Amino acid sequence: MAPNLRDLLHRPLLSRSSPLSPGNAASRISAYVYGNVLILVALIPMTSPADHTFQGVAIVLGTALSTFVAHAFAEGVGETVRTGAKLSRVARIEQLRDSVPVLSAAVLPAGLLAIGWAGLLDPGVGQIMAEVTVIARIASTNFVVGRLRGEKPTRGTFLGSIVLALVATAVVALKLLLTH
308 MAPNLRDLLH RPLLSRSSPL SPGNAASRIS AYVYGNVLIL VALIPMTSPA DHTFQGVAIV
368 LGTALSTFVA HAFAEGVGET VRTGAKLSRV ARIEQLRDSV PVLSAAVLPA GLLAIGWAGL
428 LDPGVGQIMA EVTVIARIAS TNFVVGRLRG EKPTRGTFLG SIVLALVATA VVALKLLLTH
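For the sequence shown, this note's numbering assigns the number 308 to the initial residue and increments by one for each residue that follows.
As structure tokens, then:
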């Protein structure tokens, strides 16, 4: 029997067959937000043809990797302060896992920039598409938070997402206005 798509999309996220703890969920949404915002910030100043080469891809991937390491480190330090104990190896690995959304924020933008760099797509179009994908991820933050809480989307979730998308779009539009 095929799974019900509605149930599949609206169930709580699982980690090893059990729901995420509030701490893990908070760490993952924090990583999701940091990753998306910092990747958008890395994309915005790319205005010259030199940025539409390997350099642009490297900037996005470097931003993601450095943010991933910084986020995992900061979360580990915070957990040490919260618990008053040294983190175990398992806890450190868990911190790395909870920081993965930072890396996921860079996958599609870096891929689009690489396609432009390879000449399969106009590099400027690839960059705009990369920015649009990050804006869409930023807009989806309300849905991600709701899903981590096990809540079904509401009209407020949708409207909040539109506001987030408009703010992120305004940032990119301002960039285009000031730099092109």
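Ideal Cβ placement from N, Cα and C applies to all residues, glycine included. The structure displayed is predicted, hence computed values, not measured ones.
The Cβ atoms of Val364 and Leu455 lie no closer than 8 Å to each other. Following the DSSP letters along the chain, one finds Gly423 inside the alpha helix (DSSP H) bounded by residues Val407 to Trp424. DSSP places Pro460 outside both helix and strand once states are collapsed to three, so it counts as coil. Residue burial is scored here from C-beta neighbours: Ala338 has at least 16 other C-beta atoms within 10 angstroms and is therefore classed as buried. Boundaries of the alpha helix (DSSP H) around Pro430: Pro430 to Ala446. In this structure the stretch 350-364 does not touch the stretch 387-402; the number of beta carbon pairs closer than 8 Å is below three. For Leu427, the secondary structure class from DSSP, reduced to helix, strand or coil, is coil. Closest option to Gln402, judged by alpha-carbon separation, among Lys482, Thr461 and Phe375: Phe375.
Here Val452 has Ile336 as same chain residues with Cβ atoms under 8 Å from its own Cβ, once five neighbours each way along the sequence are excluded.
Secondary structure at Ser468: helix, using DSSP grouped into helix, strand and coil.
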